């Protein structure tokens, strides 16, 4: 028995890792995916192994000396689908396995192969849509249903007899640049028996880096290390996500890996759309988005985070200027229809969302109705572009230049959210608070009400994210400001 492992593709959905290496070299559990497969094959006596490589093919060269494999370089990996990869090993198809090089195979595949029978090793669809095998009572494949959400699907592992291989070779010669090699097999199903060998949880298809995380195959730290050309990522401070300083192509980047459960509260497509609107304003560094909500941002060399103890009038006015430029952005026509309610925020709905998500009850009935009134007042404002997270760690300064980062909560809502966010995060008081209010034009009483709402929501967020001390701190500030309002006192 021989094996042919297909490793030629770009692996674009695994960027930014695949900027450095091809997808089959993603390291899981101490071995790259393709090495794990090769070692399993060797353990079962299969040593005649060919890898079809293409994108960054030189990265696979070490496998020749280490495992004695043969490398076959595809010149068409960038212009033709995977039929062109199989065509390069068509002469090897008889009595051979065909294996996708970018899958995580949990256990050896050779013992699963039925002797002398062409077959797809198949397992039930785990997520998304796959190519489902339709079989007769004897498990012979009679048809393939593409883009099926259920059933037993092709797993990326198959075995072919010489009889089937001869027909596949003929069909591969008829294939076009957009064809998959599996299309060639579909065309021979009525001429040669091909069977489905059903297994349970043989492999995991890693369609994105977030898949590797959600399946528990990688930790965020391990993933970040592999996305940096130094193989060592520096973890940065963050509550919502796992964030790292990495190096790629000699350039510093901030890698953002979404925190677990954040997909329930953050729409990453909205984040990307909001950033697109500010890309020409020179107020935030360049960002790139990848599958699964992963993002890289240019690292701002020489910038420092604003500090509460040294915050000055220039910085306050700089932040107000950024707010004004953001708030001047009007909502594009059809934006709500395209991106949904999370893009055009109802403050009242946001309050109720976090009350549900957190599962905690912190208010009396009277207080809740009062808070709902505060939220309704904010919802009457014209919706403006708002960042919504003016924590000091998101505001950076170098000389006279101030930048704002992390737009993951950005949307169109009341500008009072931004006013409240900055004041409550910095605990502005005295002359600096007066400076902010005069420059922004905010009403003191409305600002205080908005601060109560913002602290309440972030407090609930803390309980939802199990950042209990953080949540308690925000609720304490909420209580302090509520008492201030109830006494009829003003922010000072």
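Numbering (my numbering), first residue to last: 14 to 505. Just so you know, even glycine gets a beta-carbon here, dropped at the ideal spot from N, CA and C. Everything numeric in this text was worked out from a predicted model, so none of it was measured.
Open item on the list: Mapping the DSSP letters down to three states, classify residue 367 as helix, strand or coil.
Closed with: helix
Open item on the list: For the segment 433-445 against the segment 387-403, do three or more pairs of beta-carbon atoms, one drawn from each stretch, fall closer than 8 Å, so that the two count as touching?
Closed with: yes
TODO: With residue 499 as the anchor, note down where its alpha helix (DSSP H) starts and where it stops.
DONE: 481-499
Task: Backbone secondary structure at residue 411 - three-state DSSP - done: strand
Task: Status (buried if at least 16 other CB within 10 Å, exposed otherwise) for residue 442 - done: exposed
Open item on the list: Within a Cβ cutoff of 8 Å, which residues of the same chain sit near residue 460, ignoring the five residues on either side of it in sequence?
Closed with: 429, 432, 433, 436, 450 and 504
Open item on the list: If you follow the beta strand (DSSP E) that residue 79 is in, where does it begin and where does it stop?
Closed with: Taken as a continuous stretch (DSSP letters only), residue 79 belongs to no beta strand (DSSP E), being part of the alpha helix (DSSP H) at 75-80.
- [ ] State the Cα-Cα distance for the pair residue 31 and residue 456, rounded to the nearest angstrom.
- [x] 50 Å
Task: Sub-7 Å separation of residue 164 and residue 195 beta-carbons - done: no
Open item on the list: Does the distance between the C-beta of residue 472 and the nearest non-hydrogen atom of the ligand PLP fall short of 6 Å?
Closed with: You won't find the ligand PLP in this model; it holds no ligand whatsoever.
TODO: Please state whether DSSP places residue 45 in a helix, a strand or coil.
DONE: strand
Open item on the list: DSSP three-state label for residue 187, please.
Closed with: coil
Task: Beta-carbon proximity list for residue 256, same chain, < 8 Å, skipping 5 on both sides - done: 248, 249, 250, 267, 268, 269 and 270
Task: Collapsed DSSP secondary structure at residue 266 in the structure displayed - done: Residue 266: strand per DSSP, three-state reduction.
Open item on the list: Looking only at its chain, what residues have a beta carbon closer than 6 Å to the beta carbon of residue 355, apart from the 5 residues adjacent to it on each side?
Closed with: 280 and 283
Task: Cβ pair residue 98, residue 109 closer than 7 Å - done: no
Open item on the list: Considering only the alpha carbon of each residue, which of 20, 368 and 221 lies closest to residue 304?
Closed with: 221
Task: residue 468 classed as buried or exposed, judged by whether at least 16 other C-beta atoms fall within 10 angstroms - done: buried
- [ ] Check the Cβ-Cβ distances between residue 272 and every residue of chain D, and say whether any is below 7 Å.
- [x] Although the question refers to chain D, the structure presented lacks it and comprises just one protein chain.
Task: Rounded straight-line distance, which links the Cα of residue 182 to that of residue 140 - done: 31 Å
Task: First and last residue of the uninterrupted alpha helix (DSSP H) at residue 282 - done: 281-291
TODO: Spatial neighbours of residue 85 within its chain, please: CB distance less than 8 Å, with the 5 preceding and 5 following residues excluded, ordered by chain position.
DONE: 63, 64, 65, 66, 101 and 102
Task: Touching by the beta-carbon criterion (3+ pairs, under 8 Å), the segment 225-235 and the segment 33-47 - done: yes
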